[in-house]
Structure formats: structure tokens, C-alpha cells
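Worksheet for the structure shown next.
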Amino acid sequence: MDRETTDPALPAVMLEPFAHLRAQAMHTPYPALAERLQWLSALRAMALDGEARWVDAVASDFGHRSPVETRMLELFPAVAGLRHTQRHLMRWMRPRRRGVDLLFMPARNRVIPQPKGVVGIMVPWNYPIYLTLGPLTAALAAGNRAMVKMSEFTPATGELMRELAGKYLGRDVISVLDGDAQQASQFSRLPFDHLLFTGSTAVGRLVMRAASDNLTPVTLELGGKSPALVLPGYPLEKAAERIAFGKLINAGQTCIAPDYVLVHTSQRDAFAAAYASAVARAYPTLVANPDYSAVINDRHRQRLGELLDDARAHGAVVREINPAGEDLAGSGKLAPALLLEVAGTARVLQEEIFGPLLPVVSYDSLNDAVDYLNARPRPLAMYVFDEDNRRLSQILACTHAGGVTLNDTMLHIAQDDLPFGGIGPSGMGSYHGRDGFDTFSHLKAVCTQARLNGTGLIRPPYGRAVSALLRFMLR
Numbered sequence: 032m033d034r035e036t037t038d039p040a041l042p043a044v045m046l047e048p049f050a051h052l053r054a055q056a057m058h059t060p061y062p063a064l065a066e067r068l069q070w071l072s073a074l075r076a077m078a079l080d081g082e083a084r085w086v087d088a089v090a091s092d093f094g095h096r097s098p099v100e101t102r103m104l105e106l107f108p109a110v111a112g113l114r115h116t117q118r119h120l121m122r123w124m125r126p127r128r129r130g131v132d133l134l135f136m137p138a139r140n141r142v143i144p145q146p147k148g149v150v151g152i153m154v155p156w157n158y159p160i161y162l163t164l165g166p167l168t169a170a171l172a173a174g175n176r177a178m179v180k181m182s183e184f185t186p187a188t189g190e191l192m193r194e195l196a197g198k199y200l201g202r203d204v205i206s207v208l209d210g211d212a213q214q215a216s217q218f219s220r221l222p223f224d225h226l227l228f229t230g231s232t233a234v235g236r237l238v239m240r241a242a243s244d245n246l247t248p249v250t251l252e253l254g255g256k257s258p259a260l261v262l263p264g265y266p267l268e269k270a271a272e273r274i275a276f277g278k279l280i281n282a283g284q285t286c287i288a289p290d291y292v293l294v295h296t297s298q299r300d301a302f303a304a305a306y307a308s309a310v311a312r313a314y315p316t317l318v319a320n321p322d323y324s325a326v327i328n329d330r331h332r333q334r335l336g337e338l339l340d341d342a343r344a345h346g347a348v349v350r351e352i353n354p355a356g357e358d359l360a361g362s363g364k365l366a367p368a369l370l371l372e373v374a375g376t377a378r379v380l381q382e383e384i385f386g387p388l389l390p391v392v393s394y395d396s397l398n399d400a401v402d403y404l405n406a407r408p409r410p411l412a413m414y415v416f417d418e419d420n421r422r423l424s425q426i427l428a429c430t431h432a433g434g435v436t437l438n439d440t441m442l443h444i445a446q447d448d449l450p451f452g453g454i455g456p457s458g459m460g461s462y463h464g465r466d467g468f469d470t471f472s473h474l475k476a477v478c479t480q481a482r483l484n485g486t487g488l489i490r491p492p493y494g495r496a497v498s499a500l501l502r503f504m505l506r
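Using the numbering used here, the final residue of the sequence shown is 506, and nothing's skipped along the way.
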């Protein structure tokens, strides 16, 4: 199926907006800087003018989501990314000069960033605002139109996204859809010029398979089990506090949350005590605490409960951290928990947790810890706590992860000038900042020949001079 053909079996609710956006992209294939800046300004106004409504919508979808976390983790990074892009877009759009081999001088080489056309964006439920506005910032800055598929688990946020996108940007620039898993599958079969999916590794494989029928290039932002490694000598209280923050914001429903922690055997119990104290300070109560978010729905609460039951069945010691001893039934919330002495075959050490449960894995030497990391699928993020810079460099050189924060958690995703993306089963491709602009651009190579040049010397009919020249060049 080529770019001009769509599957007629797809629903009209997808085909019609796709066809309209494709027509707009063909009519104006290279939007000027002023138009792109206008789109980004509209996107920024969409985020800021609807601030209170965004907070209420996400809270409605989650049952309870910390209002501070919605502003801090969704609206703030989205607006910061927009500002960064607006400041640098003129420079990113310029043709980029490239060198010319001596034999081809005086030709000129350059790379021209060109919009790809219509970009598809598939949004997960855990951060439905930021994981829409962030990719949109990159796609629109690169001069594309966009179709967005929101998650069926966040209907209120999806409805608000559709309303405000129509108001601030309009159907000539963007289309926002919702729907269930079947519609997500149909969405990934549209012949986009680029498709970005954020979600689980299992669904990412399905999306890539569907997109391959159209040879649609894909960026996959997936997940996995992001480790935190604490080295002896680093203050345990500080490490525990920072790991607790990264683990428990949004109740652990974050793709780059620390999924488990590796601690030296001699410090395991001390770390467990420090972590429990850090959690109690941050969340002295849970049920009515506005800072502690709910788990998205009953299905995911049941899944997390099954992970706990399986861990216990495999001999794990589960330490629930419920400082006020509250009954959480009916609150939609799940108490933070530490899991000690977890068998490697337990599901909690095999599957991405996506909740407030933290297994603690002991190691005896740095080599053992590195071997443990390298024996597992490459994660989306990794966190290492150490004060020895040489040892940190050694760990960075011999392990793989999509991104790394040293001596804290999650900070690398907030850096507008760093790419965000996975590796292997945690994803492919990246975006944020200029990397996002490049992802959604075709970097067109252009070579301009000079009027006077020497290429006529190597055109047929070939003679002795050409053969002599080639012998010289191949030395």
C-alpha cells in the first residue's frame, strides 16, 4: 500500500480527517517559519488557558491525580518544551552545510530539513497531556500535520484535548480521536508519513507490525524495568529519598519510574529502613492525601494485587508502607510497598510493574550488579547513585539504557536539549528538542554541482586516463 492509498475497510471517522490533513500537507508542503511559530503559540495557549480544566479532566480519569503532579509533570514540561522549540526553531530549519570530498570540489553539499507530511501520535493513559503536547510540539515545529489517538482509559482528557485542539489549531492542522484497542489497531494501519507510539512493549510490536504494511517509519517509546543501582559510599538516606520520589509520583505509573533497586547485600536492610522513612515523610497519610495519586482503574489495581500475591508465593517479604494505618478500600489507591528476598522467577522481577511496588535486589560486588543488569532486556531508563566519577563512567560504558540520570531519578527526561527514547525492547528512535524536530523531518541531502568541475573526466567513453585515475584513487 503506497502513501496515496488507504485501506477502505478503515472507519470513516479516521479516513476523512486523514484525507483532509493529507490534502493540507500537499497544498502547503513546507510551512513557513511564521506559520509554524503560530501553531506552537496556539499549542502553548491551549495548555495554559485550559490549565484548570486539564487538572480536573485528569483527576476525573484517575479517580484522583495529584493536582501538583499534573501541573509539574504534564503542563510544565509541555510549556517548557514549547518555549525551547520556539526559541530555536529558526536555527533548526536552516539548511545545514556538509563537507565535500576533495575529488568533487567545488560542489556544495547541504541537508535540508523537510516536513514529512501527516504524523500519527498514539498517546498512553498515564500522562495523557504531556505525551500528547510533547510529540505535537516536535511534529508541528517540523511543519507536519498531526492525527492523535488518545487512550480509551482517559475519556475526559481525550474529550478536552479534542475540544481545545479544534479551538486553538483547527482541523487543517490536527485531528484528535479516541476509541478502544480495536480502533488503536486501525489507527496504526493508516499510511502515515511517521508514527509515534508510546506504551507497552507488547503493543509496540503490534503497532510496528501494522505500520510495516505501509512502510511507515515508527518511533516507539516503550517501557521495561528501569533499575536504580546504589553503590556503597553513597548516602543511603539521600538515595532512598530520591528513589522514592521517582517511584511514587503518579503512584508509580510512569514509564521511567525506578522499577527495582539494586543495593549491596550489606546495606539492604538499612536501605529498606531509609526508604520507608522517606515515604512516610512524603506521604504521612494516603487516602485523603492530595499529593498521592490513585491507580488508574480496577483492572490495573487487580494486576498489581496479583503481582504482590505472586511475589509472596515465591517467598518475598512484603513491607507495606502505610504510615497512618489506613483502610484504602474504595479509595482507588494502593499503598507503597517494598519487596525483599524476591525470587528471580517472580512476576514482579519479570514484568514492568507500573505501580508503587519496589523490589529490592541484593548484590555482592559491582561486577555482579553489572552482570545482573546486562542479563536483562535493555531498559528505558537507569539510575546510578555513586560519588566515584571513575566508577560511574565505567558503569555508563558497560551497560545500556535509553537514558540515564546519575544521583537522582527522572531528571534526564526534563532536559529539552537531550533526546528521549529507548533502546531495544524499550523503544526505538527519540524526540524532545532538536532531536524531535529531526525525527519528524526528512533530512534531504542536496549536492549542487558547480558550473566548472572535473566530473567530465570520468564519463564514458572510458580511456587510459580514467583507468590511471582509478588506480591512483584506489591506492
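Glycine included, each C-beta is placed from N, C-alpha and C at the ideal position.
Under the three-state DSSP convention, the category residue i falls into
i	result
His-225	strand
Asn-140	strand
Arg-53	helix
Tyr-493	coil
His-331	helix
Arg-506	coil
Phe-93	helix
Val-154	coil
Lys-256	coil
Thr-479	strand
Thr-247	coil
Met-181	coil
Pro-146	strand
Met-32	Confidence at Met-32 is low in this model, with a pLDDT of 45, below 50, so its placement is unreliable and no value can be given for it.
Gly-346	coil
Val-261	strand
Gly-19	In the structure as shown, the chain starts at 32 and stops at 506, and residue 19 therefore has no counterpart that could be examined.
Gly-375	coil
Thr-59	coil
Met-413	strand
Ile-280	helix
CA-to-CA distance, residue j to residue i, given in whole angstroms
i	j	result
Ile-327	Glu-194	23 Å
Ala-311	Pro-354	6 Å
Ser-501	Thr-479	The residue you asked about is not Ser; residue 501 is Leu in the sequence shown. Their backbone Cα atoms lie some 23 Å apart in a straight line.
Gly-254	Glu-357	32 Å
Met-504	Val-142	27 Å
Glu-100	Pro-321	10 Å
Ala-215	Phe-49	15 Å
Ala-344	Gly-375	12 Å
Leu-365	Leu-388	9 Å
Leu-449	Met-192	27 Å
Gly-494	Ala-138	25 Å
Lys-198	Tyr-265	51 Å
Arg-409	Asp-38	35 Å
Pro-491	Ser-498	12 Å
Val-238	Leu-134	45 Å
Ala-40	Met-153	20 Å
Asn-245	Val-318	48 Å
Classification of residue i by the beta-carbon crowding that lies within 10 angstroms, buried from 16 upward
i	result
Ala-43	exposed
Gln-284	buried
Asn-398	exposed
His-295	buried
Met-57	exposed
Met-136	exposed
Lys-475	exposed
Met-32	Note on Met-32: pLDDT 45, under 50, position unreliable in the model; the coordinate value appears next. So Met-32 ends up on the exposed side.
Asp-447	buried
Contact check, residue i vs residue j, beta carbons under 8 Å
i	j	result
Thr-436	Leu-427	no
Ala-412	Ser-257	yes
Phe-223	Thr-247	yes
Leu-113	Tyr-158	no
Gly-433	Gly-458	yes
Arg-129	Asn-140	yes
Ala-271	Ala-305	yes
Ala-172	Arg-67	yes
Phe-228	Val-249	yes
Asp-290	Glu-383	yes
Gly-210	Pro-155	no
Trp-85	Ile-160	yes
Ala-259	Thr-430	no
Phe-302	Leu-267	yes
Inter-residue CB distance, residue i and residue j (contact presumed, cutoff 8 Å)
i	j	result
Gly-151	Phe-218	7 Å
Ala-78	Leu-120	With a Cβ gap of about 17 Å, Ala-78 and Leu-120 do not count as contacting.
Gly-452	Gly-460	6 Å
His-517	Gln-213	Past the edges of the chain, shown from 32 to 506, lies residue 517, and the structure says nothing about it.
Pro-390	Val-373	5 Å
Leu-262	Arg-422	7 Å
Ala-347	Ala-325	The Cβ separation is near 24 Å, so there is no contact.
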